[in-house]
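Novice: One structure coming up, written as structure tokens, with questions to follow.
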Amino acid sequence: MTDADMALLLARAQFAFTVSFHFIFPSFTIGLASYLAVLEGLWLKTGKGVYANLYRYWVKIFSIVFAMGVVSGIVMSYQFGTNWSVFSDKAGAVIGPLMAYEVLTAFFLEAGFLGVMLFGINKVGKGLHFTATCMVAIGTFFSAFWILSANSWMQTPTGYAVNAAGQFVPGGSWAAIVFNPSFPYRLAHTVIASYLTTALAVGAVGAWHLLKDRTNPGARKMFSMAMWMAALVTPVQIFAGDLHGLNTLEHQPQKVMAMEGHYQSHPHGAPLILFGIPDSAEQRVDYAVSVPKLSSLILKHDPDAPLAGLDTVPPDEQPPVGIVFWSFRIMVGLGMLMLALGLFSLVARARRGLYDWPLLHRFALLMGPSGFVAVIAGWVTTEVGRQPYTVYGLLRTADSVAPLGAPAVAASLAAFVVVYFAVFGFGIWYILKLMARPPHPGEPVPGHAPIRSAGITPAQALEGGR
Amino acid sequence: MDLTVIWAFVIAFAVGFYVIADGFDLGIGLLFPRFPVGPERDAAMNAIAPVWDGNETWLVLGGGGLMAAFPLAYAIVLPALYAPIVAMLLGLIFRGVAFEFRWRDPAHRRAWDFGFTAGSFVAAFAQGVTLGALLQGIAVADRAYAGGWWDWLTPFSLLTGASLCVGYALLGAGWLIAKTEGETRAIARRAGRPLLALFLLALATVSLATPFLEGQYWQRWFVSPGLFVTVPMPLLVAALAALLWRSLGHDNDAHPFFYALGLFGLTLVGLGISIWPDVIPGRVTIWEAAAPHSSQSFMLIGAIITVPLILAYTGWSYWVFRGKVGGEGYH
């Protein structure tokens with residue numbers, strides 16, 4: 003392996019590591035910000051103290067997750083330049099403005115109102131405080147909008163031209179760039195995934211405390227809300243995922259071939275390979291367990307429809323099949339388990355066992371991290387599946403990388419790995435410690451709100467009737 | 008009006024705003040060990056806890072805006088400054104999480120306090136090194152960085168690194184004098200004059216060294232029309248420094264910060280004169296690096312709508328947290 007190949011591999015590893023770690027946090031804050039807005043809105047509407055308590059319980063966790071999302075996100079915004087400078091030079095005029103819009107409409111909005119949301123409970127009225135919470139929630143959505151538009155353009159580029167310097171430049175209409183073909187599907191699938199991930203995490207915390215004390219009102223409320231989300235949103239997510247897959251089949255067929263493990267073309271209906279071990283060297287799936295014609299039925303809605311395989315794709319344009327095949331199955335398998343949890347909770351609710359069935363609570367507890375795993379597995383599927391390109395079909399990953407020596411990238415990768423595991427490891431541990439505490443009436447606001455003079459209860463403004 | 012010029016000013020504004028706003032945040036990080044553990048240290052951190060995140064966002068706008076409006080510059084500068092940029096990012100991680108973590112984990116508070124200071128120092132020093140490395144010039148060939156990965160390391164870049172730390176600490180002291188009371192304010196006040204003296208020394212050294220670097224800085228400063236700025240600049244700096252010196256000994260709590268802000272403003276104007284109209288000094292002009300008109304105009308629409316809104320709600324947030332931290336006037 004040459005030094006340049008090694009540098010490329012290290013740069014890819016560094017991006018994969020930092021972006022995977024980063025995305026854990028926004029996939030939680032996008033959902034949690036909306037959940038907090040709902041809790042505060044319900045409290046203002048009903049005056050029930052349980053909502054205020056739950057708000058205070060979750061806002062402490064939110065502030066830690068958000069801080070980790072911010073600091074790991076700044077790394078991403080600079081890494082395009084430090085490690086993918088050729089990509090930045092060539093595609094900056096198209097995706098740069100999308101990211102600039104993300105900063106202008108999302109990051110500032112979140113950061114500008116976060117201070118009031120976390121520390122301003124005593125300083126502004128209830129209405130204004132609720133507005134601040136909503137602004138943070140809207141900011142997280144705007145952020146998802148723009149960054150997914152940028153990512154989708156890299157997957158399904160449209161609306162561009164190429165200038166004399168070999169740069170992608172806007173071809174005319176920005177709408178064609180922003181609303182590129184895969185964007186609506188990716189946006190829906192990712193935002194719903196964030197809501198579901200949050201619901202599963204909240205549900206697991208509720209379940210944990212119900213297992214210890216099934217009368218805790220905060221635990222009952224959060225568990226009930228989370229299970230409604232799991233029951234109602236999982237089917238929607240499966241539907242959105244199916245549409246996203248059909249869109250991928252249309253625009254990035256190689257990715258779907260890798261997901262399905264279809265090395266061979268199937269002119270008379272393709273089987274759905276449930277499990278197996280892909281062998282790219284031999285171009286076949288060993289020990290495959292498959293259902294005949296089901297893949298054609300799912301992807302083409304016709305059991306006998308022909309489906310092309312990777313044998314139609316030159317070897318240097320094939321994505322790594324093994325990773326995509328497995329990550330896709332992890333995501334789908336977890337999705338099916340989420341559906342089972344949602345249905346189980348509906349049965350329990352109908353039989354008045356929602357708060358009393360330990361089996362349901364144990365299942366929900368186990369499913370707590372499943373959203374995060376599914377989200378990362380989904381991103382691995384879509385990002386590895388579009389290899390060997392950064393701008394699909396147009397700019398190869400190998401031609402996008404910065405002219406850095408392998409030792410420089412190896413050193414930075416090692417530093418990121420050490421720092422991320424140490425810092426974010428502690429952060430996740432603090433979050434788990436907060437989650438281990440049961441929610442109780444009179445939940446304090448974040449303990450480090452700017453210290454006030456004696457006699458003022460920090461939680462005053464949120465003190466509702468209990 | 009030339010869109011490229013407008014974008015050069017927008018990005019200069021974002022970077023300038025970042026330097027000043029996160030400058031006092033990082034400066035407080037640098038001063039942090041001077042405050043005793045307890046209410047003093049807590050007050051120093053609480054003076055910026057609600058605003059640091061917004062301040063740091065200007066850095067993302069500077070970086071993201073550079074990629075969008077001047078992609079070639081972004082593509083050349085960041086690999087050239089790989090080590091300092093990565094160090095800055097890692098420093099900002101420790102600095103940022105310390106705001107949350109030190110309150111969550113009393114057993115490890117000392118470690119996170121150290122991380123807060125060390126992270127602030129690494130980030131501030133790396134930013135200063137970045138500035139120095141840009142000023143001294145970077146090797147460019149075929150639309151890419153063409154130097155080695157230690158080129159940034161010179162006595163000059165180390166000097167700018169140290170200078171920026173001193174400047175940030177001065178801003179941080181000014182902010183703490185304005186926002187805190189009691190022992191915290193007293194410590195910040197005592198640090199003020201030594202920091203000012205160091206800052207002036209650093210400013211003079213960097214200013215004297217810059218015209219002798221490779222490049223055209225000499226011509227910019229000592230040939231008309233630059234001369235019209237060169238002559239009054241030291242006078243303005245001296246006047247503001249005198250006012251700042253005096254205010255550090257007086258009872259007014261707001262003045263030192265604003266005078267320090269003024270000094271930083273002059274420094275930034277001076278840098279602008281040195282660099283304009285290049286985006287990579289001596290190598291690439293803003294027009295050579297510019298994104299196409301369509302990209303710049305699309306973003307400008309967004310910037311015209313959002314930047315006033317951003318300034319408005321950011322100002323509102325500062326207004327909500329006005330007054331002294333932990334003081335009687337803070338309700």
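The listed protein sequences correspond, in order, to chains A and B.
With this note's numbering applied, the first sequence covers 3 to 468.
With this note's numbering applied, the second sequence covers 8 to 338.
Where a beta carbon is used, it is the ideal one built from N, C-alpha and C, also for glycine.
(1) Does the contact criterion of 3 or more C-beta pairs under 8 Å hold for the stretch 166-180 of chain B versus the stretch 28-36 of chain B?
(2) So, with DSSP's three-state summary, where would you put residue 331(B)?
(3) Which runs of the alpha helix (DSSP H) fall wholly inside the stretch 138-205 of chain B and span at least 4 residues, in chain order?
(4) Give the residues of chain B in contact with residue 176(A), contact being defined as C-beta atoms less than 8 Å apart.
(5) Could you tell me whether the Cβ atoms of residue 95(A) and residue 302(B) are closer together than 9 Å?
(6) Using a Cβ cut-off of 9 Å (strictly closer), state whether residue 338(B) contacts chain A.
(7) I want to know whether the stretch 68-78 of chain B touches the stretch 96-107 of chain A - three or more CB-CB distances under 8 Å.
(8) Taking any Cβ of chain A, which residues in the stretch 146-177 of chain B have a Cβ under 9 Å from it, in chain order?
(9) Do we get a CB-CB distance below 9 Å when we pair residue 121(A) with the residues of chain B?
(10) Any idea what DSSP makes of residue 210(B), helix, strand or coil?
(11) What does the alpha-carbon distance come out to for the pair residue 203(B) and residue 225(B)?
(12) Compare the C-alpha of residue 152(B) against each of 279(B), 67(B), 322(B), 81(B) and name the closest.
(13) Here's a check: name, in chain order, each residue in its chain whose Cβ is nearer than 7 Å to the Cβ of residue 307(A), leaving out the five neighbours to either side.
(14) Near residue 333(A), which residues of its chain fall below 6 Å by C-beta distance, leaving aside the five closest residues on each side in sequence?
(15) To the nearest whole angstrom, what separates the beta carbons of residue 89(A) and residue 397(A), a pair I think is in contact under 8 Å?
(16) Count Cβ pairs between the stretch 201-212 of chain A and the stretch 264-284 of chain A that sit closer than 8 Å; are there 3 or more?
(17) I need the straight-line Cα distance from residue 457(A) to residue 327(B), nearest angstrom please.
(18) Under 9 Å between C-beta atoms, does residue 224(B) make it to chain A?
(19) Here's the rule I'm using: 16 or more other beta-carbon atoms within 10 Å means buried, otherwise exposed. How should residue 257(B) be labelled?
(20) Alpha carbon to alpha carbon, what distance is there between residue 34(A) and residue 64(A)?
(21) I'd like the list of long-range same chain contacts for residue 452(A), defined as Cβ closer than 8 Å, with 5 residues on each side in sequence excluded.
(22) Excluding five sequence neighbours on each side, which residues of the same chain lie with their C-beta closer than 7 Å to the C-beta of residue 367(B)?
(23) Ends of the beta strand (DSSP E) at residue 392(A)?
(24) Counting only the same chain and skipping the five closest in sequence on each side, list residues whose C-beta sits under 7 Å from that of residue 274(A).
(25) Can you tell me the Cβ-Cβ gap for residue 332(B) and residue 53(B), rounded? I've got them flagged as a contact below 8 Å.
(26) Tell me residue 170(A)'s beta-bridge partners as DSSP assigns them.
(27) For residue 289(A), report the span of its beta strand (DSSP E) as first-last.
(28) Which of the three DSSP states, helix, strand or coil, is assigned to residue 110(A)?
(29) Give the single residue among 219(A), 404(A), 401(A), 18(A) whose Cα lies nearest to the Cα of residue 443(A).
(30) Can you confirm whether residue 111(A), when its beta carbon is compared against all beta carbons of chain B, has any partner nearer than 9 Å?
(31) Tell me the residue span of the alpha helix (DSSP H) that contains residue 23(A).
(32) Do the CB positions of residue 340(A) and residue 373(A) come within less than 9 Å of each other?
(33) Mind checking which residues open and close the alpha helix (DSSP H) that includes residue 68(B)?
(34) What residues in the stretch 102-119 of chain B have a beta carbon less than 7 Å from any beta carbon of chain A?
(35) Please classify residue 175(A): is it buried, with 16 or more other beta-carbons within 10 angstroms of its beta-carbon, or exposed?
(36) Which partner residues of residue 280(A) appear in the DSSP bridge assignment?
Specialist: By the coordinates alone:
(1) yes
(2) Taking the first residue of the second sequence as 1, we reach residue 331(B) at position 324. In this structure, residue 331(B) counts as coil in the three-state DSSP scheme.
(3) 162-186
(4) As a working note, residue 176(A) is residue 174 in the first sequence. What residue 176(A) touches in chain B: 301, 305.
(5) Position 93 of the first sequence holds residue 95(A). Position 295 of the second sequence holds residue 302(B). Yes. Within cutoff.
(6) The residue labelled residue 338(B) in the question sits at position 331 within the second sequence. Confidence is the limiting factor: at residue 338(B) the pLDDT is only 25, short of 50, which leaves the residue's position unreliable, though a coordinate-based value still follows. Yes - at least one Cβ of chain A is within 9 Å of the one on residue 338(B).
(7) yes
(8) 150, 151, 152, 153, 155, 156
(9) Within the first sequence, numbered from 1, the residue matching residue 121(A) stands at position 119. It does: the Cβ of residue 121(A) has a partner Cβ on chain B nearer than 9 Å.
(10) Residue 210(B) sits at position 203 when you count from the first residue of the second sequence. It is helical.
(11) Locating residue 203(B) in the second sequence gives position 196, counting from the first residue. Locating residue 225(B) in the second sequence gives position 218, counting from the first residue. Take the alpha-carbon of residue 203(B) and the one of residue 225(B): they are about 27 Å apart.
(12) Within the second sequence, residue 152(B) is the residue found at index 145, counting from 1. Cα-wise, what sits closest to residue 152(B) is 81(B).
(13) For the purposes of this step, residue 307(A) is taken as the residue at position 305 of the first sequence. Answer for residue 307(A): 271, 298, listed in chain order.
(14) Stepping through the first sequence from its first residue, residue 333(A) is reached at position 331. If we look at residue 333(A) and ignore the five residues flanking it on each side, its Cβ neighbours are 376, 379, 380.
(15) Working through the first sequence from its first residue, we reach residue 89(A) at position 87. Working through the first sequence from its first residue, we reach residue 397(A) at position 395. Rounded, the Cβ-Cβ distance is 7 Å, consistent with contact.
(16) Counting Cβ pairs under 8 Å, fewer than three are found: no touch.
(17) Walking along the first sequence from the start, residue 457(A) turns up at place 455. Walking along the second sequence from the start, residue 327(B) turns up at place 320. Here residue 457(A) scores only 33 on pLDDT, less than 50, and its place in the model should not be relied on; the value that follows carries that caveat. Taking the straight line from one Cα to the other gives about 20 Å.
(18) By one-based count along the second sequence, residue 224(B) stands at place 217. Not closer than 9 Å to any Cβ of chain A, the Cβ of residue 224(B) fails to qualify, so no.
(19) Residue mapping note: residue 257(B) aligns to position 250 of the second sequence, counting from 1. That one is exposed.
(20) On the first sequence, position 62 is the one that residue 64(A) refers to. On the first sequence, position 32 is the one that residue 34(A) refers to. If you take the alpha carbons of residue 64(A) and residue 34(A), they lie about 7 Å apart.
(21) On the first sequence, residue 452(A) is found 450 positions in, with the first residue counted as 1. Because the pLDDT at residue 452(A) is just 42, under 50, the model does not fix this residue reliably, and the value given afterwards should be weighed accordingly. For residue 452(A), where only same-chain residues beyond five positions count, the Cβ hits under 8 Å are 121.
(22) Residue 367(B) is absent from the model: chain B starts at 8 and stops at 338.
(23) Looking up residue 392(A) in the first sequence gives position 390. Run containing residue 392(A): 391-393, per the beta strand (DSSP E) assignment.
(24) One-based indexing of the first sequence puts residue 274(A) at position 272. Result list for residue 274(A): 292, 293, 296, 297, 300, in chain order.
(25) Reading the second sequence from its first residue, position 325 is the one you call residue 332(B). Reading the second sequence from its first residue, position 46 is the one you call residue 53(B). About 5 Å; that satisfies the 8 Å criterion.
(26) The sequence position of residue 170(A) within the first sequence is 168, counting from 1. DSSP output for residue 170(A) lists 164(A) as bridge partner(s).
(27) On the first sequence, position 287 is the one that residue 289(A) refers to. Here the beta strand (DSSP E) through residue 289(A) covers 286-293.
(28) Within the first sequence, the letter at position 108 stands for residue 110(A). DSSP places residue 110(A) in helix when its eight states are reduced to three.
(29) Here residue 443(A) refers to the residue found at position 441 of the first sequence. Nearest of 219(A), 404(A), 401(A), 18(A) to residue 443(A), Cα basis: 219(A).
(30) Numbered from 1 along the first sequence, position 109 holds the residue referred to as residue 111(A). Output row for residue 111(A): interface = yes.
(31) Position 21 of the first sequence, counted from the start, is the residue given in the question as residue 23(A). Its alpha helix (DSSP H) spans residues 5-48.
(32) Numbered from its first residue, the first sequence carries residue 340(A) at position 338. Numbered from its first residue, the first sequence carries residue 373(A) at position 371. Yes, these two residues count as a Cβ contact at 9 Å.
(33) One-based indexing of the second sequence puts residue 68(B) at position 61. Per DSSP, residue 68(B) belongs to the alpha helix (DSSP H) from 59-76.
(34) 103, 104, 106, 107, 108, 110, 111, 112
(35) Taking the first sequence and counting its residues from 1, one reaches residue 175(A) at position 173. Label assigned to residue 175(A): exposed.
(36) Residue numbering aside, residue 280(A) sits at position 278 when the first sequence is read from its first letter. BP columns for residue 280(A) point to 287(A).
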